[in-house]
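There are 2 protein chains.
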Amino acid sequence: MNQAHKYVYMFSEGNGAMRNLLGGKGANLAEMSNLGLPIPQGFIVSTEACTNYNTSGRVLDNAIREQIDIAMVRLEYMTEKRFGCKENPLLVSVRSGSRASMPGMMDTVLNLGLNDKSVEAMAKNIDTRFAYDSYRRFIMMFADVVMDVDKHLFENAFRQYKEKAGVTQDVELNGEQMIEIAEMFKGIYKDAKGEDFPMEAKEQLYEAIQAVFRSWDNERAFIYRRRHDIPYSWGTAVNVQSMVFGNMGDDSGTGVAFSRDPSTGENAIFGEYLMNAQGEDVVAGIRTPLSIDCLKDEKPEVYAEFIALAKKLEAHYKDMQDMEFTVERGKLYFLQTRNGKRTAQAALRIAIDMVNEGTLTVEEALLMVDPRSLDQLLHPIFDPEALNNADIIGKALPASPGAASGRVYFTSQDAMDAHARGEEVILVRNETSPEDIGGMQVAKGILTAKGGATCHAAIVARDMGTPCICGCEDIKLDYTTKQFTLGGMTFKEGDYISMDGSTGKVFGEQLPTVESKITNDFAIFMKWADEHRTMEVRTNTDTPDSAARALEFGAQGIGLTRSEHMFFEADRIPKMQRMILSETKEERLAACDELRAFQKADYLAIFNVMCGLPVTIRLLDPPLHEFLPKSDAEFETLAKEAGKTVEELKKQSAMLHEVNPMMGHRGLRLAVSYPELAEMQTRAIIEAAIEAQKTGTRVRPEIMIPLTFDVKEYKFVKDVVEETAKAILADYDGTLEYMIGTMIEIPRACLMADEIAQEAEFFSFGTNDLTQMTYGLSRDDAGKFINDYIEHNIFETDPTIKLDQKGVGELMKTAIARGRKARPNIKLGICGEHGGDPSSIEFCQKLGLDYVSCSPFRVPIARLAAAQAAIAQKRGEDVANKG
Amino acid sequence: MNQAHKYVYMFSEGNGAMRNLLGGKGANLAEMSNLGLPIPQGFIVSTEACTNYNTSGRVLDNAIREQIDIAMVRLEYMTEKRFGCKENPLLVSVRSGSRASMPGMMDTVLNLGLNDKSVEAMAKNIDTRFAYDSYRRFIMMFADVVMDVDKHLFENAFRQYKEKAGVTQDVELNGEQMIEIAEMFKGIYKDAKGEDFPMEAKEQLYEAIQAVFRSWDNERAFIYRRRHDIPYSWGTAVNVQSMVFGNMGDDSGTGVAFSRDPSTGENAIFGEYLMNAQGEDVVAGIRTPLSIDCLKDEKPEVYAEFIALAKKLEAHYKDMQDMEFTVERGKLYFLQTRNGKRTAQAALRIAIDMVNEGTLTVEEALLMVDPRSLDQLLHPIFDPEALNNADIIGKALPASPGAASGRVYFTSQDAMDAHARGEEVILVRNETSPEDIGGMQVAKGILTAKGGATCHAAIVARDMGTPCICGCEDIKLDYTTKQFTLGGMTFKEGDYISMDGSTGKVFGEQLPTVESKITNDFAIFMKWADEHRTMEVRTNTDTPDSAARALEFGAQGIGLTRSEHMFFEADRIPKMQRMILSETKEERLAACDELRAFQKADYLAIFNVMCGLPVTIRLLDPPLHEFLPKSDAEFETLAKEAGKTVEELKKQSAMLHEVNPMMGHRGLRLAVSYPELAEMQTRAIIEAAIEAQKTGTRVRPEIMIPLTFDVKEYKFVKDVVEETAKAILADYDGTLEYMIGTMIEIPRACLMADEIAQEAEFFSFGTNDLTQMTYGLSRDDAGKFINDYIEHNIFETDPTIKLDQKGVGELMKTAIARGRKARPNIKLGICGEHGGDPSSIEFCQKLGLDYVSCSPFRVPIARLAAAQAAIAQKRGEDVANKG
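In the order they appear, the protein sequences are chains H and V.
Final position of the first sequence in the numbering used here is 883; the numbers increase by one with none missing.
Final position of the second sequence in the numbering used here is 1766; the numbers increase by one with none missing.
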């Protein structure tokens, strides 16, 4: 016996659990085979063969060829047909099938095995026209897909032939004409390739299989994988299946059906059927398919069999099925089944119904819904009809979901003015900074030319629930002339565009939007999720309004309040600027005192909204120069207020300039230099907390010190905070529950976590910065080259979106182990954007974090992802649909 | 028995090895006591007591007080005197004494124990004038040092008394007058403090001890520790020693002597002596001391005893001794001995002599010299006399050693123009960037207002051997008016300043410099070092000239050639700019081709200089926008050359702007986006290598890929390099030995080292960037707040200068362990600036690196430090003098 590695599996040798090896389609065909369903038999060339092919110089290994040959002999035996023979020829389809469904992304060849001899047999057994029609289709498909011959050569020749013959419809051509066309196509092939069309069926098969392997690398597949986070390394399997024909007359046909309605989730067969046709006719839209119900009337016994088997499949897979079937001369065949794609609304309905029907347990139902799909339920969407007809002028990173239409403005001030005039505004900028907050607040959508998934615009937009697209590098924006170009069009200030933050698409016109409907199912389902998860879900938010929204979405506290965001409002920023540009400690203290009043009011409002839930407040984090005036007008205003000259202010402002602000004078480094800042913020927090408690609101502030890399600097700032708090609380009758802890966002802090934990009551992983520093990768600048990394398969996923479990994750593990060693009950959370990403949440569950925190609109996603992670952990498995 | 922790030690209870606990002075007194030398007896309050005092709210613990009391009773018994009594009173000195010698940095109180009663006894036993002179000195010293009373109050009153009494010299005052002055001083004390001068000797003692503890925190001590890298946590011990008096008449005296000449190292007693005087008279310069030889003539028997004991001490400590002694009424007392400070020249001479004398082994001699002192031997210094009279107008980070005088210029161009006119130039800038290279090359010295020890200016200056001072934040520089202010003075373009890159001092005038002399001793000593070290020492250099200098200094190869530095010369930069601003790959390839010719010539020149030694060439590293034109004039020049408009170029240039360039599009990320860059550089390297070999020069290029964080990106670029090299070598008859490896400078690379090592033949730790990323601390921006960190004792040393062994070091250990696991023979080196720092070099030895690489002038330091580290490792100890 040949002991070579097994690369080829008959359907009967596999099963549904072998998805990684056989691909989704192959595994399901194997499973259907085992269930005894009527399927055309065949075999699968595994994903390992694909990897072998792609990593060994794109040569099909001899061992693989041999195994294919043997499988083909077995298939001939099963079908009682002979491959490539002139008697009773076996024809096969050759289709891709990867682990994850990638519909239409890769290549397929039908009717393979036809050649000048077998086509004759087919003509004799069935029908001449049918046989040669199939042959000419095969020649063209094989030439196009496998041999890279331009298919327009065939299409043009076919059109000319029809003109000459005086016919308009294909069906008007008779058998003789089809023979001529097939001959003509072989000629075109020979002209293009310099050799005859291959008559050897095995050669056709080898070539077709390799073409499918190569199609894993085509651009469609590349884009699809990227959007769906499918790793390049998975590869695709190839399914070789004996052909059945739905176009053998009126007792034949083909169809596609879902076992439930994929839009609404209603429990009723939903699908389409076409008499006397092949699958491609349905797809090509040459004839309009009929509702599946027609089959019921025309072929009641076939319909009954189909319904029974569909229910059997659904019950077997415990999920709604998307099935392709063919009826050949009255006999039903299943060509494929898979778990069907569905809207979020349908997903919830189906999950709940299946629990009620007793098909699924609640745990199974929870695992069935992709958490990311919940996003659809919370944001407005474009009217689907308008969307179908709209031209996409650009596409970039979908940074914050939802659809928006409006007039473009390029500065925060212009956006606010337009909003005041009642216009709907899309803010378009190269990038945003905290000073743009006013314009961002009034915008219906935000579009930036630069930045990645965790750039300023993305973070703020997600917090506000505003649709946002980032890193649209094709935009050429000119602030001076107030216009930009994209997709060959120029947009002036005030022109309309539309944008879909869920897909990253930009449209050059106004499109109508509609609100998504939230059903009662959502509440039921999320309640189940909450009952099953073990991690808390908190939110990252800076305002009482968005805190209130997060509460509605189920947040159990605030994991991150960026106190600095409160300083950008028009009445506060000059005071902040005065504070920063103070030349003496006295000046600074006076400015601090004014700011404190604002801060206190902000915190009080948030405490009142959160009403007893924990509220984590991060002390001032960004480099001070972010707050400084930019324009001459702003400098002049400030000069008047501060009683200084513009020159003085500009000089001082220039001194604050930093080469790498992300690694500069920020975070607790500011508090080390100016302890009065930490003191001021602590006073505001504690005084607000006392005031809230006096009116009967329970308050649980958690004061968070950012950017720690060493216990000594942490302790220095902690001491300032603690002493300030104690001094205020000394005069207070009641007790106040509060904690002081730190963000863990610098690699060194992870390594020093044992020392830091001796002083810190909690750790909150700031995985945005931790990822930046661990990779040495600025999130503001990576947009420029991250595409190159994805194109070259260096990044399978963007680590700013999906937590890098190997590198950053190891640092987190180290931090947790060392932190817990020093303080066993230390509270652990995550407040980076990864806290809203399902695969990262699953990792957090494995790490044993107490909570994840994310932007308000991601809270439901996090709740479900946390439930799935907890269930998977209990079962000792990974979550399947984490993407 | 009281089992309390022991805080107080009689001299007889200690020994010389107890330096950490007893301080250097205390340990040496204990050792001398054990050796039977004549010393005034006493006891030591340990450094642990200091830590206890400073960390427990500055209260002297009762247990410590009790132990002091007991020690004092024992001292009374030994001296047969009574502390604070009117009969035969015991007087003591109270002095600081930390682990490391910190001469004059902390406080001392003499004659303690004097009060109204004991002074009477002293007057009766010795002399009234002597007694009350001592008393008034004690009152003033105690008031000043211990009780924080302004000593000018005493000095002014004393001056007025002398005026009134009509005398000019202190010695003209008689005993009665001294009594009056002492009374007057007690009155001043009472006015200032609101209470009587303390008459209780024990109270005086407790207060004085606490004052010494507190003096660990004074500013002088702070600055000294910082300069000498002495950790704050060490604390100081306090020595309480019975007084002896050199001012008891002509058979008394006091002196200071070295057992060898501290300037030249000559083996001859060197010192000064003053008859009938106390130590402070010598220091105060009231009387001019005599050469120690005078003692030989005047008190031959005392001199002989002194010489014998000095030799005994030197032999005992195996090092040149710096001794204080007093002769009281003909009896010799040693007050202190310590290893003497010396010039580098003397250090080498003494070490070599002691080996020749048989006192030391070569290993011991190697361990005795501080590697950092070798710097003195290589750079010019200021004429010491001129230096004494010069005013220091500013002081900042000594970034590259050596003295320089010249006229100030503020732009690279102005500096080059002035140099062309024959002027000596000091380049003064806020900070430098690669485009300043021209001005830096012609400058005698470089002074910057910003930046730390590893900023651009510092690195380049060290490479060029040019004196450099960085981060002089007090400089207010105005480029438009071409002037700056510092230390209250304004300097216009063309004005003279002087600067000492070894001390960080800036002078507002022209000072003459002299060359240091290198003796034959240097060669002998460095040969010994080379024989003892196990690590290779390489150099970081970019030019053939500086490579040649590094060879003279003993470099065994190049550990880092920054290929980009070659692009900044006037004839190359426009080509580089064209390459960067190319809009198509074709344009870029054409520009690359021109650059390749330059690169090849550069590499060839370096290969020829290095002649068979390994040369590590790092591929292009900095963000591209560093190379772009800055001024309008430069843009116009480039526009003409490139056939584009200034506007186009400015737009493209703006697109290259980065928010955090240190974490942006740089390093191998450039090669991922533009593989043609790596290809061009590889071609230049390999072609140059072949050309060199053809002329008979052996060549060993090591191609280094910078900024790796993942094996996949490394492999992508490595494949480009390897394929390019193989293609060229395919046409070459001979064989070329070359390696491809990577810098390890990103935290994630350390964690992924096992995967990376599968593809990389060597690792070179880029600890500058690794420190930046591990701390999240930009070296260009840290200057602003790093002082706050040192002042608050958060940083004991600056991690950009001295490797952070805990955090960064752990990552290095991880990288080495994982790298070796994957590739056991992987070559390991360091090319960050830490490669020239002795304590970091010792750490590298422990890590088992194959080589360290540093700037040319640091090569001798590294050679000695590596030898010391190897010896210490063999002995299983740490190097003592690593600072």
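For each residue, glycine too, the CB sits at the ideal point set by N, CA and C.
Every value quoted in this text rests on a predicted model; they were computed, and no experiment measured them.
- The C-beta of residue 748(H) comes closer than 8 Å to at least one C-beta of chain V.
- With respect to chain H, the C-beta atom of residue 1239(V) has no partner C-beta closer than 8 Å.
- In the DSSP assignment, residue 394(H) falls within the unbroken beta strand (DSSP E) covering 392-395.
- Taking residue 1285(V) as the centre and dropping the five residues before and after it, the same chain places the C-beta of 1262, 1263, 1350, 1384 closer than 6 Å to its C-beta, in chain order.
- Along the segment 1459-1478 of chain V, there is no position whose C-beta sits under 8 Å from a C-beta of chain H.
- Here residue 1107(V) carries a helix assignment [DSSP, helix/strand/coil].
- As the crow flies, the alpha-carbon of residue 1176(V) is around 32 Å from that of residue 895(V).
- DSSP, read as helix, strand or coil, puts residue 447(H) in strand.
- The three-state secondary structure of residue 147(H), taken from DSSP, is coil.
- Contact of residue 1677(V) with chain H is assigned, a C-beta pair being separated by under 8 Å.
- Here residue 685(H) has 603, 617, 701, 703 as same chain residues with Cβ atoms under 7 Å from its own Cβ, once five neighbours each way along the sequence are excluded.
- Where residue 739(H) is concerned, the enclosing beta strand (DSSP E) starts and stops at 739-744.
- Contact check for residue 1154(V) against residue 1140(V) passes: the beta carbons are separated by less than 8 Å.
- Within the segment 1620-1651 of chain V, the residues whose Cβ lies closer than 7 Å to some Cβ of chain H are 1629, 1630, 1631, 1634, 1635, listed in chain order.
- Chain-ordered listing is empty here: chain H has no CB closer than 9 Å to the CB of residue 1362(V), the nearest sitting near 11 Å.
- Residue 491(H) has 484(H) as its beta-bridge partners, per DSSP.
- Distance check between residue 621(H) and each of 638(H), 751(H), 561(H) places 561(H) closest, using alpha-carbon atoms only.
- When Cβ-Cβ separations below 8 Å define contact, residue 1545(V) makes contact with chain H.
- Separation of residue 1700(V) and residue 761(H) (C-alpha to C-alpha, rounded to the nearest whole angstrom) is 33 Å.
- In the DSSP assignment, residue 1311(V) falls within the beta strand (DSSP E) that extends over 1308-1312.
- Within the same chain, Cβ atoms closer than 7 Å to the Cβ of residue 1688(V) are found at 1726, the five residues on either side in sequence being excluded.
- Using a C-beta cut-off of 8 Å, the segment 746-755 of chain H makes no contact with the segment 716-732 of chain H, since fewer than three inter-stretch Cβ pairs fall below that distance.
- The CB of residue 1563(V) never comes closer than 8 Å to any CB in chain H; the least such distance is about 18 Å.
- Contact between the segment 1226-1239 of chain V and the segment 1742-1751 of chain V is not established, with fewer than three Cβ pairs separated by less than 8 Å.
- Between residue 206(H) and residue 1629(V), the C-beta spacing is not below 8 Å.
- For residue 1100(V), the closest Cβ of chain H is not nearer than 8 Å.
- Its Cα nearest to that of residue 1258(V), the residue 1231(V) stands out among 1231(V), 899(V), 1573(V), 1042(V).
- Residue 470(H) sits in a strand when the DSSP states are folded into three classes.
- The straight-line gap separating the alpha-carbon atoms of residue 1677(V) and residue 1103(V) is approximately 18 Å.
- With a threshold of 16 other beta carbon atoms within 10 Å, residue 152(H) falls short and is exposed.
- When the five nearest sequence neighbours on each side are left out, the beta carbons in the same chain lying within less than 8 Å of the beta carbon of residue 1535(V) are those of 1464, 1466, in order along the chain.
- Between the alpha carbons of residue 928(V) and residue 903(V) lies a gap of roughly 12 Å.
- Between the alpha carbons of residue 304(H) and residue 10(H) lies a distance of about 29 Å.
- By the C-beta criterion, the segment 486-493 of chain H is judged not to be in contact with the segment 433-445 of chain H, since fewer than 3 inter-stretch pairs fall below 8 Å.
- Those residues of the segment 1253-1266 of chain V placed with their C-beta closer than 7 Å to a C-beta in chain H do not exist.
- Excluding sequence positions up to five before and after residue 1458(V), its CB lies within less than 7 Å of the CB of 1474, 1477, 1478, all in the same chain and listed in chain order.
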